[in-house]
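7 is the number of the first residue of the sequence shown in the numbering used here; add one for each residue after it.
From the three backbone atoms N, C-alpha and C, an ideal C-beta is built for every residue, glycine too.
Because the structure is a prediction, the values reported are computed rather than measured.
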Amino acid sequence: MESLKDKVIILTGASRGIGRAAAINLSEDNPKLVLVSRKRNDLEEVLPFLKCDKENVTLVEGDVSSEEDCRKIVEAAVEKFGTVDILINNAAQFGRAKVTELKMEDFDRIINTNLRGVIYLTQLVLPYMIKKDSGTIMNISSTAGKRGYEGGTAYAASKHGLNAFSDCLNKEVRPNNIRVLTISPSSVDTRDKDESDIKKGGKGVYMRMEDVAESIGLALRLPQRALITDIEIWGTNPWK
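(1) Could you pull the start and end residues of the alpha helix (DSSP H) that residue 70 belongs to?
(2) For residue 46, which residues in the same chain have their Cβ closer than 7 Å to its Cβ, ignoring the five residues on either side in sequence?
(3) With distances taken from CA atoms, which of 15, 123, 181, 178 is nearest residue 82?
(4) Under a three-way DSSP split, which group does residue 188 fall into?
(5) Contact between the segment 22-38 and the segment 99-106: three or more CB pairs below 8 Å?
(6) Which residues in the same chain have their Cβ closer than 6 Å to the Cβ of residue 196, if we skip the five residues on either side of it in sequence?
(7) Are residue 183 and residue 140 closer than 8 Å when you measure CB to CB?
(8) Look up residue 145 in the DSSP assignment and give the residues it is bridged to.
(9) I need the straight-line Cα distance from residue 180 to residue 174, nearest angstrom please.
(10) What does the alpha-carbon distance come out to for the pair residue 36 and residue 234?
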């Protein structure tokens with residue numbers, strides 16, 4: 007496994023859930039982290055848990071559904087650290103409604119964050135990766151991106167689209183030694199809990215956000231010559 011030390015990593019949706027757990031996991035290698043969330047105060051609450059040098063952390067308040075904010079995110083990374091090595095597209099919007107009840111403003115909100123924003127942010131970072139013939143784009147998808155479910159029209163469509171985008175992008179940029187991969191978790195327990203309250207397994211136990219973060223770290227720490235295109239991760243026995 008390779009260290010992520012000094013790698014410039016943009017991580018969206020970094021203030022809570024999987025993003026927060028991933029930031030903590032990746033910080034163990036002392037990379038250069040650009041953490042993104044819509045609320046700066048939420049990002050500041052993550053800082054005490056990071057294990058890297060704090061001068062290697064930049065906090066950016068931004069909404070990835072906004073093209074202006076996407077440009078601001080990449081500009082902040084390049085201005086502070088000079089380049090971008092890894093982009094983790096984690097920020098996401100969720101919604102549940104049957105097709106007959108789905109409001110188009112909710113559909114647009116989900117698609118603009120989960121798919122359109124990912125594509126635009128990727129467009130912005132790719133020139134830096136192509137220039138140095140190296141880089142990694144990681145898209146946090148979902149098992150909903152492979153299997154539909156009742157009420158999941160907007161969310162599942164966004165994740166199906168994200169998977170298709172990742173597959174197409176992978177074929178385009180592999181000649182530039184750029185890795186593209188997806189992490190597809192099923193239901194995840196993202197509640198903050200004391201260590202003593204976190205069960206290792208058993209009936210009715212969902213996987214934790216830290217488990218997904220471990221998968222993210224594993225895939226990113228592989229040597230640059232190796233690529234996992236997709237990790238599908240499930241709780242072992244979440245049924246009560």
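Let me lay it out:
(1) Careful: residue 70 lies outside any alpha helix (DSSP H) and carries neither H nor E.
(2) 65, 67
(3) 15
(4) strand
(5) no
(6) 23, 215
(7) yes
(8) 95, 188
(9) 10 Å
(10) 23 Å
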